[in-house]
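For reference, the structure discussed in these notes is given below.
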Amino acid sequence: SRKKTLLYSRKTTLEILKDDLLEKTNEVEEIPESYYDKISPVIDAVKAFARSSNQCLYVIDYARKGFLYVSPNLQQMCGMCAEEMMELGYGFQAKYAPYEDQKMLVELNKSGFDFFENIPVNQRDGYSISYDFRLQNGEREQMIHHTLTHLVTTKKGRVWIALCTMSPSSAQKPGNIIMRKEGSRTVHEYDLASREWIERKLPKPLNPIEHLILTMSMQGYTMEEISTVKQISINTLKSSKRILFDKLNVKSIAEAITFCINYKLL
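The C-terminal position of the sequence shown is numbered 1238 in this note's numbering, with every residue numbered one higher than the one before it.
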């Protein structure tokens, strides 16, 4: 029946997320137990950051194929408590993400690790991947901006421990898959249609007025209110906004904010 087919498809995706992604795409050699004592200060640092941040964080252990830490505030975002997410492990995306998004997650994880494998081992530091996908929070579906960066690699250069962050996204649809290296003005975008990474040059950094427009717009201020509060001519603000839209090739403040968050321009 159709119902059985859907259940089978969902189960298959869950198996892929738990097994194929963690074992085959980024296969990690066995890690001695003593090594976990050595990385405990790293996990403690993540916990300290979580206590002073609104970001939802979790730490993936690709050797044990599970999580080493999940921040308690995750429940506020998707209705899932930290204990439940620890138990589900990487399969939480299969339980809480729509089926179409699950397929995208499978593909981007494989393509992302393939990209990482093609980088010389001594040049892998500083890379991160970000993307948007949907999570179900009770009756509500929420778009999530997700980033992943490695914290610890093995001697062979494979990702052993990775830090992930999740925050609300203003993106209109899933995707926006971006691989970048810290400090580089070049990024790589993954095209889901052609299944290839496309190199892209980032626009010039935001000037002070452009940064002001975006940050205050994120706080809910209108252009008129920004003009009044900061005592800047409304014409200057409108002109700067038009130039900013041309620079980013966007048509609205929401698109500009999403672009700048995705490309870490804010």
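Cβ coordinates follow ideal geometry from the N, Cα and C atoms, glycine included. Being a predicted model, the structure only gives us computed values, none of them experimental.
Would you list the one or two residues that DSSP bridges to Arg1130?
Bridge partners of Arg1130: none, in fact.
May I ask you to report which of helix, strand or coil DSSP gives Gly1038?
The DSSP-derived three-state label of Gly1038 is strand.
Using the Cβ count rule (16 or more neighbours within 10 Å means buried), how would you classify Ser1012?
Exposed.
I need the DSSP call for Asn1109, collapsed to helix, strand or coil.
strand
Would you mind working out which of Tyr1034, Ile1015, Tyr1062, Ile1149 sits nearest Ser1080, comparing C-alpha positions?
Reading off the sequence, residue 1080 comes out as Leu, not Ser. Looking at the Cα atoms, Ile1149 is the closest of the given residues.
Does DSSP put Leu1100 in a helix, a strand or coil?
The sequence given here has Ser at residue 1100, not Leu. The answer is strand: DSSP assigns Ser1100 an E or B state.
Identify, in the order they occur along the chain, each residue of the same chain with its Cβ nearer than 8 Å to the Cβ of Thr1194, setting aside the five sequence neighbours on each side.
No residues qualify anywhere along the chain.
So who's on the other strand from Arg1152, going by DSSP bridges?
Its beta-bridge partners are Ser1100, Val1159.
Of the listed residues Gly1061, Ala1017, Arg1023, Met1052, nearest to Lys1037 (C-alpha basis):
Gly1061
Would you check if the distance between the CB atom of Thr1121 and the CB atom of Ser1100 is smaller than 7 Å?
yes
So, is Leu1174 buried or exposed, given that buried needs 16 or more other C-beta atoms within 10 angstroms?
exposed
Ile1091 beta carbon less than 7 Å from that of Phe1105
no
Neighbourhood of Glu1161 by C-beta distance below 6 Å, restricted to the same chain and skipping five residues each side:
Same-chain partners within the cutoff: Ile1150, Ile1170, Arg1172.
Check for me: the alpha helix (DSSP H) holding Tyr1030 runs from which residue to which?
Unbroken run through Tyr1030 is the beta strand (DSSP E), 1028-1033; no alpha helix (DSSP H).
Which two residues bound the contiguous alpha helix (DSSP H) that contains Arg1172?
Note, Arg1172: premise wrong, no alpha helix (DSSP H); beta strand (DSSP E) at 1168-1173.
Among all the DSSP beta bridges, which residues are the ones paired with His1183?
His1183 pairs with nothing; no bridge assigned.
Using a threshold of 7 Å, state whether the C-beta atoms of Ile1229 and Leu1186 are closer than that.
Contact flag set, yes.
Can you give me the start and stop residues for the alpha helix (DSSP H) that Gln1065 sits inside?
1064-1068
Can you give the beta carbon distance from Leu1029 to Cys1136, rounded, assuming they're within the 8 Å contact cut?
Between Leu1029 and Cys1136, the beta carbon gap of about 7 Å places them in contact (Cβ cut-off 8 Å).
What's the C-alpha gap between Asn1234 and Pro1070?
22 Å
In three-state DSSP terms, what is Gln962?
Residue 962 falls outside the range modelled here, since the chain spans only 973 to 1238, and no answer is possible.
Three-state secondary structure (DSSP) of Met1195:
The answer is helix: DSSP assigns Met1195 an H, G or I state.
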